[in-house]
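Protein chains: 2
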Amino acid sequence: MTIDMTMTANNSAAMKAALLDYVAAFNAADAERVAALFADDATIEDPVGSPAIAGREAILGFYRHATSLGARLEVVVPPRGSHGNAAALSFAVYARMQGHSVRIDVTDVMTFGADGRITGMRAFWGPDDVHPQ
Amino acid sequence: MTIDMTMTANNSAAMKAALLDYVAAFNAADAERVAALFADDATIEDPVGSPAIAGREAILGFYRHATSLGARLEVVVPPRGSHGNAAALSFAVYARMQGHSVRIDVTDVMTFGADGRITGMRAFWGPDDVHPQ
Chain A
1 MTIDMTMTAN NSAAMKAALL DYVAAFNAAD AERVAALFAD DATIEDPVGS PAIAGREAIL
61 GFYRHATSLG ARLEVVVPPR GSHGNAAALS FAVYARMQGH SVRIDVTDVM TFGADGRITG
121 MRAFWGPDDV HPQ
Chain B
1 MTIDMTMTAN NSAAMKAALL DYVAAFNAAD AERVAALFAD DATIEDPVGS PAIAGREAIL
61 GFYRHATSLG ARLEVVVPPR GSHGNAAALS FAVYARMQGH SVRIDVTDVM TFGADGRITG
121 MRAFWGPDDV HPQ
């Protein structure tokens, strides 16, 4: 899908579509396409509790690194919208960490600007959400 | 389970246990037990995008109403922790709304204080997350 930049931020269905587009772009290992979903001054806190990164270059670098590792995202339940400008997506990340295959259980919460782009992403996963496969 | 008030807020496993205790207390229709999981000045935004409520009496009233409706929560994927003081839980709410049986797909994000109690709850669900059953 393509994000319609005229969509309103409180459009729950549009936010969900953007979340699923995020997953598709990530799984295509297309860091530029992932980064283009974000606003120029967006922030990423991944995992929650770590220092946030901000801005287009940092975000592009983050996804260039992440997609270069061969990680794959698998959506496990339908995305949740809201009555505001935020939505949530729960998924599993299948990746290699330190030579081992792992599954990381994650819930992302994303906030959206009026133009439909992501203004903030927070990834909920703890040390105990990393499972050997 | 019983919340250990000495647990540290950034204990991912303890936050997850509290989330599951929340579900158990809700499904027991025990509003007092649910409310006791919250800090005295906690806030609830349910759904995200609606005005928040705050404080023990408001929270107790919220759960007295919610549990009186016969709603039941069903956890659909394991809770997600973090490296900070917040965790996320995705579940389905089975309830009656305006005479109809519905399933509402929800993700709750909860923040925790140093004493292990919930300081904030935000429930992500949109108009399009309410499904007739």
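If you're matching them up, the sequences are chains A and B in order.
Quick note on numbering: UniProt numbering labels position 106 of the first sequence as 106, and the sequence is numbered without any gaps.
Quick note on numbering: UniProt numbering labels position 18 of the second sequence as 18, and the sequence is numbered without any gaps.
The beta-carbon is built from N, C-alpha and C at its ideal position, and this holds for glycine as well.
- Taking 8 Å as the upper bound for CB-CB distance, A:A25 and A:L37 are in contact here, some 7 Å apart.
- Among the CB atoms of chain A, none fall inside 7 Å of the CB of B:T67.
- Around the beta carbon of B:D41, fewer than 16 other beta carbons sit within 10 angstroms, so the residue counts as exposed.
- In this structure, the straight-line span from the alpha carbon of B:F124 to that of B:A31 is close to 21 Å.
- The alpha-carbon separation between A:A95 and A:S101 amounts to approximately 6 Å.
- Judged by DSSP in its simplified three-state form, A:L73 adopts strand.
- Residues of the same chain with a CB within less than 7 Å of the CB of A:V77, apart from the 5 flanking positions on each side, are S90 in chain order.
- When DSSP reads this structure, A:M110 sits in a beta bridge with A:A87 and A:M121.
- Cβ contact annotation for B:R56 (same chain, cutoff 6 Å, sequence separation greater than five): D40, in chain order.
- A straight-line Cα-Cα distance of about 20 Å links B:A52 and A:F112.
- In the three-state reduction of the DSSP assignment, A:A29 falls in the coil class.
- Here B:D21 carries a helix assignment [DSSP, helix/strand/coil].
- The beta-carbon of B:A88 is placed less than 7 Å from the nearest beta-carbon of chain A.
- Among the CB atoms of chain B, one or more fall inside 7 Å of the CB of A:V48.
- Between B:H83 and A:P47, the C-beta gap is smaller than 7 Å, which places the two residues in contact.
- Look at B:D128 here: in three-state DSSP terms it is helix.
- The residues A31, in chain order, have a CB closer than 6 Å to that of B:R64 in the same chain once the five nearest residues on each side in sequence are set aside.
- Between the alpha carbons of A:V75 and B:A54 lies a distance of about 33 Å.
- For A:A39, the uninterrupted beta strand (DSSP E) segment begins and ends at F38 to E45.
- For B:A13, the C-beta contacts it makes with chain A under 8 Å involve G126 and D128, in order along the chain.
- The beta-carbon distance between B:V109 and B:A86, rounded to whole angstroms, is 6 Å. This is short enough to meet the 8 Å contact definition.
- Chain A places a beta carbon closer than 7 Å to that of B:G81, counting this residue as a contact.
- When secondary structure is reduced to three states using DSSP, A:A95 falls in the strand class.
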